[in-house]
Structures are given as C-alpha cells and as structure tokens.
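What follows is one structure encoded as structure tokens, with my remarks underneath.
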Amino acid sequence: MRKTLIILLGAFALFAGAATVHAGQMDVLVNKLVEKGVLTPYEAQILLAEAKEEAAKELAKGKAVTAPAWTQKIKVKGDVRFRTQTDWGKGLGPAHQRTRQRVRARLGVEGKVNDQVKAGMYIVTGGNDPRSTNQTLDDEFETKDIRIDGYYIGWTPQLPEGVGDGTLWLGKFKNPLQKSELLWDGDIWPAGIAAQYMSSPFEMGDIPGNLYANAGMLWLDEMSTSQRDPLMWVMQGGVKMDVVRDWGAKLNFGLAYYDLANVKGNQSANLAEHSAGTNTTWGGALGNTYRYDFNMLDFLIKYDSKMLGDFELGHGLYTDLIFNTDPPKRRFAWQLGGYIGKKKPKKPGQWKLWGEYRYIERDAVPDFMPDSDFVGFTTAGAAAGGGTNSQGVIFGVQYAIFKNTLLGGKYCCTWPLSLDETLNNRMDEPYQLLQMDVKVKF
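Residues in the sequence shown are numbered consecutively from 132, following our numbering.
Laid out in structure tokens, this is it:
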C-alpha cells in the first residue's frame with residue numbers, strides 16, 4: 132500500500148510539473164489522506180519526500196510515463212571555462228611576455244531517434260580554428276562568435292548476441308579513435324565517415340579482455356577544380372585487458388595506420404590555413420606546400436587503475452610512439468606521461484596531478500593537428516602553437532571544489548630540436564606557458 136502511494140504521488144508530481152506553482156496541489160492530496168486516517172502527519176511528510184525522489188529517479192532514467200516522450204529522448208550537456216593564460220619567450224632575443232584571459236563555452240544536444248539511431252549537434256565559442264574554441268577577452272566588450280562544431284548521425288546496429296557492439300558515425304563527430312595529444316588536439320572533431328567496434332568479453336588465460344577496431348575516411352579539404360582532394364584514411368586495432376581486477380586496473384594496446392592522401396605537394400589544398408608552418412615545405416614554384424607525405428604508424432599503450440594496493444588511489448601511465456614512413460629523417464615522435472588521483476575528477480575533493488614529456492621531430496606528424504598548447508618551432512626559431520620540431524615537458528593539476536566544478540592549472544616548457552644554422556638563430560630561453568582555469572560542467 133505504501134509503495135503504491137509513493138508511485139501515485141510521484142506520478143502526480145510529474146503530471147503537475149513538480150514545480151513550486153503546483154506544490155499546493157500535492158499538499159491538498161496529502162492532507163486529504165491524513166484527514167481520512169490513511170496516513171499520520173509524520174508518514175505524510177516522509178511519503179511526500181520519497182514520492183518526489185522516486186519521480187526524479189524515473190525521469191533521469193527516461194522511464195517516467197507521465198513526462199512527454201520527446202523529453203526522454205533528448206540529452207543536453209555542456210561546459211563553460213574561464214582561463215587566465217601567460218606565456219614567455221614568443222620569439223628570438225629577449226623574452227616576451229603576454230597575459231590574457233580567455234573563455235570557452237560548449238553546448239550539445241543529442242536526440243535518440245529510435246533504438247539504433249541517434250543524432251546530435253554541438254555549438255561552441257571561437258572562430259574557424261579547429262584546435263581552439265577559446266575567445267580572448269578584448270575589444271571593449273565585443274560580442275564573441277559562436278560556431279557549429281559538431282553535427283552527426285550515429286548508427287548502432289543490433290548485432291547478434293556474442294558478436295559485440297559497433298557504431299557507424301556520419302558527419303562531424305567527437306573523435307572515435309584511441310589517441311593522444313601527440314597527434315590529435317583535444318578540440319578537433321574530425322569530419323567524414325568513421326566506424327567503431329568492440330568485441331564481447333573473452334578470457335586470455337585468467338585475464339578478461341576485449342578486442343577493438345576503428346576506421347575512418349576523414350575529409351581534410353574539398354577542391355572544386357581538382358580530383359586530388361586531401362583525405363585522411365585511418366585503420367586502428369587493439370586490445371583492452373583487465374589486468375588487476377582487485378585494483379580495477381586496465382591495460383590498452385593500440386596500433387593505428389594513418390594515410391594522408393593528396394597532401395604532399397598539393398598547391399590547391401587549403402591546409403596552410405591551419406598549419407603551424409613547422410613541417411618541411413617545397414620552395415620556388417610549388418610555394419609552401421608539404422614536401423613529404425604522411426604515412427604514419429601510431430603505437431600507444433595506456434594503463435589506468437582505480438586502486439594502489441589497499442588504497443583507493445587512482446593512477447595511470449601512458450606512452451605514444453609515431454613513425455612517419457615517408458621522410459628520410461626527422462620523422463619520429465613520442466611521449467611518456469602519467470598521473471595520480473582521479474582520472475576525471477567530478478565530485479568535491481577529487482583531484483589529479485599529471486605530467487609528461489613530448490618529443491616531436493619536424494616531419495613526424497602534420498603540423499595542423501597536434502595539441503595547440505604544446506609549441507613547435509620553425510627553422511627560423513619562431514614559436515608556433517601546435518607545431519612540430521619541439522621537445523618539452525607539461526605538468527598539470529585539477530581539483531573539484533564542488534560537483535562538476537574544477538580548478539585547474541597547466542604549465543608547459545618547450546624548446547626547438549633543430550634550427551637553420553645559416554640564420555644564426557639562438558634561443559635565449561625556452562617557450563613557457565602557464566594556464567589557470569575554472570571549469571564548470573552541466
């Protein structure tokens with residue numbers, strides 16, 4: 132009887148909108164039950180609280196029959212970040228310092244079309260830079276730009292039991308690959324067609340695991356006057372294993388092959404718009420076109436654990452090695468990093484400390500893709516955000532002061548691997564970057 136009353140009151144709360152304007156209506160119903168002796172005043176208070184809580188849980192799960200059907204099929208999420216950023220050493224000679232404040236806002240809507248298909252759209256602050264959605268506070272309170280960063284359709288077919296799970300992505304979508312910022316800036320949403328597959332769990336000796344595979348045909352540019360459209364073809368495979376069950380420890384091995392078609396020597400390509408200018412280019416009649424192709428092997432290893440012995444202390448290690456097969460030299464890139472604490476702090480008091488070392492030779496990766504906060508260098512020694520020909524260290528910290536409210540800081544220090552000696556270049560000090568963030572998520 133008591134459970135039935137909770138459900139009925141919960142349904143009434145949703146039907147009435149669960150808003151303060153309808154609070155009196157629920158009070159009238161409860162008072163009637165008290166008057167007729169069905170409930171004591173104390174039981175009425177407890178029952179009303181439980182009914183509202185039950186209704187909220189059902190709505191969150193998308194099972195509330197009284198809520199409009201369309202509200203149960205749509206998810207809205209986003210985040211807002213406020214950043215103070217200072218950098219030193221932007222060029223040759225005496226150190227140059229720059230301090231600015233930057234904001235970023237992102238809002239996404241995703242709708243479940245049916246049991247297999249979903250579609251979504253994301254809007255962000257920023258301009259046309261695929262590696263940054265930041266907006267600098269300047270120009271006398273000028274209104275900032277908003278762009279559409281993602282628009283996609285996702286199809287997850289109902290595969291036979293035991294086969295595993297797969298998803299086909301169409302449009303411009305969140306990166307579906309296993310990756311690191313050695314190659315992919317975290318703000319890049321690739322565009323084209325991609326597929327993901329994860330096998331059903333299986334045993335490798337006493338270790339459970341899953342095989343996975345990813346693939347994509349991703350558009351870099353489309354040219355109306357040529358059939359040599361620059362494209363990125365990628366194939367990736369790997370395995371995830373639960374190596375220490377008591378710790379919640381997982382190990383991930385992944386190997387990918389990237390083929391950037393029609394990029395080398397393509398004068399008509401529009402890639403230079405977002406290039407850092409640190410890859411080797413042709414001169415003369417060919418202009419600033421890429422001199423080498425990018426056929427890259429990418430091998431990564433990730434280890435994540437929720438426990439350290441008997442202590443609830445998250446930690447992880449990761450590495451990434453990239454080899455570009457086309458250039459005769461300066462074609463390696465690698466990184467090594469680790470963290471301690473919660474991998475993704477969310478709840479109050481959760482924290483994370485992390486650090487890594489990166490090494491990117493001049494033609495190891497295309498200079499329009501890596502992390503834009505990690506600075507590369509041209510042959511003349513000029514600093515270029517998100518470029519190559521660089522090595523350095525990064526340290527960071529995050530702390531959740533409230534639920535989904537983070538304070539963070541990141542420090543980068545980079546210096547060039549090689550410079551053109553004929554220009555008598557010298558670096559008085561490395562390039563340094565300090566970022567202090569406040570980020571909220573909803």
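All C-beta atoms in this analysis are idealised placements derived from N, C-alpha and C, irrespective of residue type, glycine included.
Here the structure is a predicted model, which is why all the values come from computation and not from measurement.
For G447, the enclosing beta strand (DSSP E) covers residues 446 to 455. According to the DSSP assignment, F384 belongs to the beta strand (DSSP E) that extends over 380 to 392. D377 sits in a helix when the DSSP states are folded into three classes. Within the segment 315 to 363, the beta strand (DSSP E) runs of at least 3 residues that lie entirely inside it are, in chain order, 322 to 329, 333 to 335, 338 to 350. Judged by beta-carbon spacing, G396 lies within the 7 Å limit of T420, meaning their Cβ atoms are closer than that value. In this structure, Q327 lies away from P288, with their beta-carbon atoms at least 7 Å apart. With a beta-carbon spacing of about 15 Å, A515 and A495 fall beyond the 8 Å limit used to define contacts.
Between M348 and G385, the gap from beta carbon to beta carbon reaches 7 Å or more. Between K303 and G281, the C-beta gap is smaller than 7 Å, which places the two residues in contact. In this structure, the alpha-carbon of M363 lies about 4 Å from that of L391. For S549, the number of other beta carbons within 10 angstroms of its own is below 16, and it is reported as exposed. Look at A180 here: in three-state DSSP terms it is helix. Closest option to G295, judged by alpha-carbon separation, among N410, I277, G340: G340. DSSP places V496 outside both helix and strand once states are collapsed to three, so it counts as coil.
Counting only residues of its own chain and dropping the five nearest sequence neighbours on each side, K478 has a CB closer than 7 Å to the CB of A531, K534.
In the three-state reduction of the DSSP assignment, T202 falls in the helix class, which pools H, G and I. By the neighbour-count definition (other C-beta atoms within 10 Å, threshold 16), N162 is an exposed residue. Buried is the label assigned to Y562, since at least 16 other Cβ atoms lie within 10 Å of its Cβ. For F442, the number of other beta carbons within 10 angstroms of its own is below 16, and it is reported as exposed.
Contact annotation, V528 with K483: C-beta distance approximately 7 Å; criterion of less than 8 Å satisfied. With a contact defined as Cβ atoms closer than 8 Å, T409 and F508 qualify at about 6 Å. Membership of V506 in the beta strand (DSSP E) is indicated by the continuous run 506 to 508. Pairing Q466 with L313 gives a Cβ-Cβ distance under 7 Å. Inter-residue distance for G447 and G379 is about 11 Å (C-alpha atoms, whole angstroms). L564 counts as buried, since at least 16 other C-beta atoms from the protein chains shown sit within 10 angstroms of its C-beta. Cβ neighbours of T456 within its own chain (closer than 6 Å, five residues either side excluded): N426. The beta carbon of R461 sits closer than 6 Å to those of E492, R493, D494, all from its chain and outside the five residues before and after it, given in chain order. The segment 344 to 361 and the segment 259 to 268 do not touch, with fewer than 3 CB-CB distances between them shorter than 8 Å. According to the DSSP assignment, L301 belongs to the beta strand (DSSP E) that extends over 296 to 303. Using a Cβ distance threshold of 7 Å, G209 and R237 count as a contacting pair. For G239, the closest C-alpha among the options K437, Y488, G293, I254 is that of I254. Per DSSP, the continuous beta strand (DSSP E) segment holding L238 begins and ends at 228 to 243. Taking the CA atoms as reference points, N245 sits about 48 Å from D218.
Relative to K437, the option among V375, R235, W546, F573 whose CA is nearest is V375. For S521, the enclosing beta strand (DSSP E) starts and ends at 521 to 533.
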